[in-house]
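Residue numbers (the numbering used here): 25 to 135. We treat Cβ as the ideally placed atom computed from N, Cα and C, and that holds for glycine. None of these values were measured; they are calculated from a predicted model.
In structure tokens:
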């Protein structure tokens, strides 16, 4: 099963929400989409907070896997946006020992 990581920059937590909620809703959104969460965390890079959720998708074609990875990242973005001011969640695919950005599919179903 291919492994992906959705990475999303967080600018601020919305009023009425606790910082812990940000990662909690991201993980919940990934799980609600039917994917196994392998790991998750918050990193601070160059003074900016970024959350990441690592998940796997079922084996299929490369295009189908990438499309599914984007669908999960978008579900995470929608959930996180409710509790935090955030950027786009972008998926990365694990290839060997590194993470490679997944290109956004051109012809996505339902779009």
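For residue 102, the enclosing alpha helix (DSSP H) starts and ends at 86–107. Across the set 77, 58, 59 and 61, the C-alpha of 77 shows the shortest separation from the C-alpha of residue 67. When only Cα atoms are considered, residue 100 and residue 110 end up about 11 angstroms apart. The three-state reading of DSSP puts residue 30 in strand, counting E and B together.
By the beta-carbon neighbour count (other beta carbons within 10 angstroms, threshold 16), residue 115 is buried. For residue 67, the secondary structure class from DSSP, reduced to helix, strand or coil, is strand. If you look at residue 46, you'll find it in the alpha helix (DSSP H) that goes 43–56.
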